[in-house]
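J.: Numbering (the working numbering), first residue to last: 6 to 74. Quick reminder that beta carbons are idealized off the backbone N, C-alpha and C, glycines included. Nothing here was measured: the structure is a model prediction, and the numbers come from that model. Pasting a structure here, questions to come.
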């Protein structure tokens, strides 16, 4: 059973809810959602940018991070 369209992927939740739940958690972690592991690297990068007085770059990185959610 292969997915060929977006509509096929939408019905994957009915076929294998466990795999879809894990996939959602992985994607949320990659986006940097706060309770997940992808958040800490983004936080550390922003913290170090501000520690090195690179505020314009930190602001751009924060805005792009918010847009990627």
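Keeping to the same chain, check which residues put their C-beta closer than 7 Å to that of residue 35; ignore five residues upstream and five downstream.
T.: Contacts found: 43.
J.: Between the Cα of residue 70 and those of 26, 22, 31, 46, spot the shortest distance and give me the residue it belongs to.
T.: Checking every option, the nearest Cα to that of residue 70 belongs to 46.
J.: DSSP three-state call for residue 46: helix, strand or coil?
T.: DSSP places residue 46 in helix when its eight states are reduced to three.
J.: From 26, 38, 14, 31, pick the residue whose C-alpha is nearest to that of residue 73; which is it?
T.: 38
J.: Roughly how many whole angstroms lie between the Cα atoms of residue 10 and residue 33?
T.: 22 Å
J.: Hey, would you say residue 41 sits closer than 8 Å to residue 67, going by beta carbons?
T.: no
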